[in-house]
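Just so you know, the protein sequences line up as chains F and Y, in that order. For what it's worth, the working numbering labels the leading residue of the first sequence as 3, then goes sequentially. For what it's worth, the working numbering labels the leading residue of the second sequence as 24, then goes sequentially. Yeah, the Cβ is synthetic: ideal placement off N, Cα and C, and Gly gets one too. Have a look at the structure below before the remarks.
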Amino acid sequence: MSIGHTLLGLLESGPRHGYDLKRAFDERFGHDRPLAYGQVYSTMARLLKNGLVEVDGIEPGGGPERKRYAITDAGITDVDAWLRQPEKPEPYLQTTLYTKVVLALLTGRPAADLLDTQRAEHLRLMRELTRRKKSGDLADQLICDHALFHLEADLRWLELTAARLDQLAKAVTS
Amino acid sequence: MTAAAEPLLQATALRKSYGRTPALDGADLTVRAGEVVAVMGPSGSGKSTLLHCLAGIVQADSGRVCYRGRDLTAMSDAERSALRRTDFGFVFQFGQLVPELTCLENVAMPARLAGTRRRAAEAQAAEWLARLEVGEIAGKRPGEVSGGQGQRVAVARALVGSPRVVFADEPTGALDSLNGERVMRLLTDAAHDTGAAVVLVTHEPRVAAYSDREIVVRDGKSRDLEQVS
């Protein structure tokens, strides 16, 4: 999953401090692997350098100064391009896809289009593997079958998520 | 085949309800000669109704189905039946073979109904059974063969009349993975060799992977995935 794009997507709803960003990330996507503070600050420094976020304000505190970050127009364009770009079909994509779907719903983008784009990409690879399997030897067939069953699991997840989009939209925006 | 090829079969803005339950709500679909189009979607999405409307088995409440420039929705029942005999082939989930007839007689039936003499029809049927790798069960009745064999007999029956379009509704739904793949390979290879288009309704992505492109039906509306990505 692209941490940078995810943090940018979370910033679309309004400026946040690094700590707020980490908390929002962990609440929505970090169930198994919460973000380390160091990773948040190093990512924000990179986004700042690339002009994708800007410092919206600095609050002095007891400890180090707290920067509040806001997404720039270039940042919004970058998130948009990331959400539209289908992932390279490979096993165990659910974490990235789930993140993209939730961010699309949170930012008012068409999540159904995102799922269908990904679905088309998966099927393209499944067709390629099926063609290879038809002309290949038994070893080829078994290797292709393994990949096909994994891709099929992803596709079933995409289908189920598409059927539950309304429900998910209510859950993430409530 | 190219995207610019003339449509062989084209459905536009199809609507169909069963009582108060809508099954199709403005579905569109275009099939070109020689291509395999998968129609996917959740149970109850309207994909089988779409196939039945395309094949002229069910009449839509509104919208048009054109086959080679002729409007199916404006044809009489007799004209549509004739078209189904001469130009269309069908494969269903459970074969729907006639249990009293042998496999050979089942496959020969479309040709017999079209007026071909018994000997010629059975010769064609034997050829197709061999091609579908079930020549050895020609004399058996459907109840005496396995599910996979029965489905290959059904595919042979669908293709024996050299149809321009084969409609396959969950053709592998009752088969295990290995038999399902064998049926799909034989069906798509045979359709490719004869130039027939295939409209394939399936909920299985691995079966849809035998198609050239995919249409998704949700809540009675269709979506061509090529237009999305």
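*Measuring CB to CB, does Val275/Y end up less than 8 Å from Asp247/Y?*
There is no way to answer for residue 275/Y, as the model of chain Y reaches only from 24 to 252.
_Under 8 Å, with one C-beta from each stretch per pair, do the region 117 to 126 of chain Y and the region 160 to 171 of chain Y reach the 3-pair mark?_
As far as the Cβ criterion goes, the region 117 to 126 of chain Y touches the region 160 to 171 of chain Y, which means the pair count is three or higher.
*Output yes if chain Y places a C-beta closer than 8 Å to the C-beta of Asp139/F; else output no.*
Not closer than 8 Å to any Cβ of chain Y, the Cβ of Asp139/F fails to qualify, so no.
_Please state whether the Cβ-Cβ distance between Thr175/F and Leu107/F is less than 8 Å._
Against a cut-off of 8 Å, the Cβ pair of Leu107/F and Thr175/F comes out as a contact.
*Assign Arg114/Y to one of three DSSP states: helix, strand, or coil.*
Per the sequence presented here, residue 114/Y reads as Val, with Arg not at that position. In the structure shown, Val114/Y sits in a strand (DSSP, three-state: E or B).
_Cβ-based burial, His124/F [other Cβ within 10 Å; buried from 16]_ = His124/F should be labelled buried.
*asked:* So that I know if they touch, is there some Cβ in chain Y lying closer than 8 Å to that of Leu105/F?
replied: For Leu105/F, the closest Cβ of chain Y is not nearer than 8 Å.
*Determine the direct distance from the alpha carbon of Val81/Y to that of Gly69/Y, and round the result to whole angstroms.*
Note on geometry: alpha-carbon atoms of Gly69/Y and Val81/Y lie some 12 Å from one another.
*Run of the alpha helix (DSSP H) containing Glu130/F, from where it starts to where it stops*: Looking at the DSSP string, the run of the alpha helix (DSSP H) that includes Glu130/F is 113 to 137.
_Would Pro228/Y pass as an interface residue toward chain F - the criterion being a Cβ-Cβ separation below 8 Å?_
Taking Cβ atoms only, chain F reaches closer than 8 Å to Pro228/Y, which makes this a yes.
*asked:* Among Asp118/F, Tyr100/F, Tyr39/F, Ala122/F, whose alpha-carbon lies nearest the alpha-carbon of Leu170/F?
replied: If we check each option's Cα against that of Leu170/F, Tyr100/F comes out closest.
*Give the secondary structure of Gly40/F by DSSP, where H, G and I count as helix, E and B as strand, and everything else as coil.*
Of the three classes helix, strand and coil, the one that applies to Gly40/F here is helix, per DSSP.
*Beta-carbon of Ala26/Y versus every beta-carbon of chain F: anything under 8 Å?*
Caution applies to Ala26/Y, whose pLDDT of 47 falls short of 50 and renders its modelled position unreliable; the value that the coordinates give is listed next. Proximity of Ala26/Y to chain F, defined by a Cβ-Cβ separation below 8 Å, is not satisfied.
_Cut-off 7 Å between Cβ atoms - residues of its own chain near Leu167/F, not counting five sequence neighbours on either side_ = Ala113, Ala114, listed in sequence order.
*asked:* Can you look up Gln33/Y in the DSSP assignment and give me helix, strand or coil?
replied: When secondary structure is reduced to three states using DSSP, Gln33/Y falls in the strand class.
*Are any of the Cβ atoms in chain Y nearer than 8 Å to that of Asp187/F?*
The question about residue 187/F has no answer, for chain F in this structure spans 3 to 176.
_Burial state of Leu144/F, where buried means 16 or more other Cβ atoms lie within 10 Å_ = Counting Cβ neighbours within 10 Å, Leu144/F comes out exposed, since fewer than 16 surround it.
*What span of residues does the alpha helix (DSSP H) with Asp84/Y cover, start to end?*
Boundaries cannot be given for Asp84/Y, as no alpha helix (DSSP H) includes it and DSSP labels it neither H nor E.
_Close beta carbons around Thr25/Y, own chain, < 8 Å, minus the five adjacent residues each side_ = With a pLDDT of 45 at Thr25/Y, under the threshold of 50, the modelled position of this residue cannot be trusted, and the question is left open.
*8 Å Cβ cutoff met for Leu74/Y and Val62/Y*: For the 8 Å CB-CB criterion, Leu74/Y and Val62/Y form a contact.
*DSSP on Thr44/Y, reduced to helix/strand/coil?*
Reduced to three states, the DSSP call for Thr44/Y is strand.
*Just the chain Y side, please: which residues come within less than 8 Å of Thr1/F by C-beta, in chain order?*
Absent from the structure is residue 1/F, since the part of chain F shown begins at 3 and ends at 176.
_Where Arg63/Y falls: helix, strand or coil (DSSP)_ = The question names Arg, but residue 63/Y in the sequence shown is Met. In the structure shown, Met63/Y sits in a strand (DSSP, three-state: E or B).
_Restricting to Cα atoms, I'd like to know which of Gly32/F, Val57/F, Gly20/F is closest to Tyr39/F._
Out of Gly32/F, Val57/F, Gly20/F, Gly20/F has the C-alpha closest to the C-alpha of Tyr39/F.
*How many Å lie between Leu52/Y and Glu249/Y at the Cα?*
Rounded to whole angstroms, Leu52/Y and Glu249/Y show a C-alpha spacing of 12 Å.
*Would you report the Cα separation of Pro133/Y and Gln172/Y, rounded to the nearest angstrom?*
Taking the straight line from one Cα to the other gives about 19 Å.
*At a CB-CB cut-off below 8 Å, which residues of chain Y make contact with Leu125/F?*
Taking a Cβ-Cβ cut-off of 8 Å, the neighbours of Leu125/F in chain Y comprise Pro228, Ala231, Ala232, Glu237, Leu248, given in sequence order.
*My understanding is that Val81/F touches Tyr71/F, with C-beta atoms under 8 Å, so please give their C-beta distance in whole angstroms.*
Cβ atoms of Val81/F and Tyr71/F stay farther apart than 8 Å, at about 14 Å.
_Does the region 141 to 150 of chain Y come into contact with the region 189 to 207 of chain Y, if we say contact requires no fewer than three beta-carbon pairs (one atom in each stretch) closer than 8 Å?_
Segments in contact, no.
*Please state if the CB of Ile5/F and the CB of Leu37/F are separated by a distance shorter than 8 Å.*
Yes.
*When the distance is taken between beta carbons, is Thr109/F closer than 8 Å to Glu14/F?*
Taking 8 Å as the Cβ cut-off, Glu14/F and Thr109/F qualify as a contacting pair.
*Quick one: which residues of the region 42 to 72 of chain Y get their C-beta closer than 7 Å to a C-beta of chain F? List them in chain order.*
Answer in chain order: Pro65.
*How is the beta strand (DSSP E) around Gly6/F delimited, first residue to last?*
In the DSSP assignment, Gly6/F falls outside any beta strand (DSSP E) and within the unbroken alpha helix (DSSP H) covering 5 to 13.
*Which residues, in chain order, does the region 30 to 51 of chain F contribute to contact with chain Y at a C-beta distance below 7 Å?*
For chain Y, none of the residues of the region 30 to 51 of chain F brings a beta carbon within less than 7 Å of one of its beta carbons.
*Pull out every residue of the region 190 to 213 of chain Y whose Cβ sits closer than 7 Å to any Cβ of chain F, in chain order.*
Contact annotation: in the region 190 to 213 of chain Y, residues whose CB is within less than 7 Å of a CB in chain F are Arg208.
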